Amino acid sequence: MNTVLSRANSLFAFSLSVMAALTFGCFITTAFKDRRVPVDIHVSKVMLKNVDDFTGPRERSDLGFITFDLSADLQPIFDWNVKQLFLYLSAEYATKSNSLNQVVLWDKIVLRGENTKLNLRDMKSKYFFFDDGNGLRANKNITLTLSWNVVPNAGILPLVAGSGHVSLPFPDAYETTKSY
Amino acid sequence: MLSLDFLDDVRRMNKRQLYYQVLNFGMIVSSALMIWKGLMVVTGSESPIVVVLSGSMEPAFHRGDLLFLTNRVEDPIRVGEIVVFRIEGREIPIVHRVLKIHEKENGDIKFLTKGDNNAVDDRGLYKRDQHWLEKKDVVGRARGFVPYIGIVTILMNDYPKFKYAVLFMLGLFVLVHRE
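Structure, rendered in structure tokens:
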């Protein structure tokens with residue numbers, strides 16, 4: 007302990023061990039927490055078109071338009087180990103050609119410190135709701151769920167579904183007028 | 195000074211101690227290898243720990259963060275999950291989020307990804323005429339995360355001389371240190 011080098015070495019080693027212990031502490035104290043909160047989703051408008059899928063495979067596919075309202079209080083989820091929440095609204099449904107389809111319609115990043123009370127009205131979807139084929143027409147059951155990915159400062163990355171989803175049917179006919 | 199100290203140690207070693215040092219070195223290397231291979235078996239992924247290389251998932255992950263992956267077959271791919279995948283023919287793994295999935299009854303799944311920080315989905319990154327990713331492209335699903343640690347790997351990749359210097363010093367240190 008009598009040279010600058012050996013002192014620097016032990017200081018470095020000690021700070022590394024303290025940081026490792028802190029990181030592990032962050033992880034272990036929040037690893038088993040329940041990250042669910044109630045969510046309220048309401049759909050105000052549903053419309054269906056059938057166009058060439060310009061986002062990818064150029065086949066005629068069903069294109070859905072949903073206008074929705076969202077409200078949730080995300081405050082209980084944030085603690086010392088939550089860096090951000092990645093929220094996403096996903097639609098889940100089954101068609102004749104695919105037994106399970108999931109499409110993300112809208113997403114949002116909520117950082118720690120930002121407003122945690124979600125109260126959105128008349129939101130349009132951020133991403134095009136194309137089906138793989140023509141399975142949306144007359145589909146009786148499309149379920150919308152708001153879920154979030156909890157990104158910690160260090161530790162597990164869980165995907166949590168909010169409790170509260172809404173099911174809606176799609177219309178039987180395509181919209182031919184140039185609306186939306 | 196440091197250099198004189200360990201040279202003295204080396205001079206004091208006889209043949210048997212020298213063999214012991216080399217064996218010690220071998221043990222450390224093989225233990226590290228065993229832990230790595232063990233992790234590969236437990237997680238089911240060929241690459242259980244990856245370093246984030248780009249800023250396309252900010253503000254969640256920055257360059258240099260470490261991700262722990264699993265790739266168990268029983269875990270279905272669902273939207274919102276962070277997957278690490280390789281595009282056929284390319285070496286660099288990409289860490290992005292699943293945006294869309296279409297799964298058939300027999301389990302065949304095709305899915306689309308997008309980086310949180312990118313404005314568009316990943317179809318521009320896939321191969322020509324490739325519109326979807328499949329299970330075989332997936333290296334693993336991100337389950338855990340530790341910030342900053344991977345910066346060392348990025349430094350070593352960007353400055354290969356630094357990597358050789360570190361490995362050389364470590365090897366030298368383990369071989370001559372008398373513990």
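Taken in sequence, the protein lines are chains A and B.
Start counting at 1 in the first sequence, then tack on 6, and there's your number in our numbering.
Start counting at 1 in the second sequence, then tack on 194, and there's your number in our numbering.
Glycine included, each C-beta is placed from N, C-alpha and C at the ideal position.
Remember, predicted model here, so these are calculated numbers, not experimental data.
With contacts defined by Cβ atoms closer than 8 angstroms, A/ILE162 and B/ARG337 form a contacting pair. DSSP links B/ARG335 through a beta bridge to B/THR264, B/VAL277. Here B/ASN351 is not near B/GLY249, since their CB atoms are 8 angstroms or more apart. Contacts between A/PHE92 and chain B, judged by CB atoms closer than 8 angstroms, involve ALA254, GLY274, ARG291, ASP310 in chain order.
Chain order gives the chain A residues near B/GLU297 as ASN104, SER105, LEU106, where near means a beta carbon separation below 7 angstroms. Looking at the DSSP output, B/GLU297 shares a beta bridge with A/LEU106, B/ILE303. In the three-state DSSP reduction, B/THR237 falls in the helix class (H, G or I).
Between the beta-carbon of B/THR307 and that of B/HIS325 there is about 12 angstroms, and that puts the pair past the 8 angstroms contact cut. For A/ARG13, the uninterrupted alpha helix (DSSP H) segment begins and ends at 10 to 36. The region 68 to 77 of chain A and the region 44 to 59 of chain A touch, with three or more beta-carbon pairs separated by less than 8 angstroms. Three or more Cβ pairs drawn from the region 256 to 267 of chain B and the region 239 to 246 of chain B lie within less than 8 angstroms of each other, which places the two stretches in contact. Those residues of the region 150 to 164 of chain A placed with their C-beta closer than 9 angstroms to a C-beta in chain B are SER153, TRP154, ASN155, VAL157, PRO158, ASN159, ALA160, GLY161, ILE162, LEU163, PRO164, ordered along the chain. For A/ILE115, the chain B residues whose C-beta falls within less than 9 angstroms of its own C-beta are PRO253, ALA254, ASP310, listed in chain order. The criterion of a C-beta distance shorter than 8 angstroms is satisfied by B/VAL244 and B/LEU261.
In the DSSP assignment, A/VAL45 falls within the beta strand (DSSP E) that extends over 45 to 58.
Secondary structure at B/THR347: helix, using DSSP grouped into helix, strand and coil. Those residues of the region 14 to 40 of chain A placed with their C-beta closer than 7 angstroms to a C-beta in chain B are THR29, ordered along the chain.
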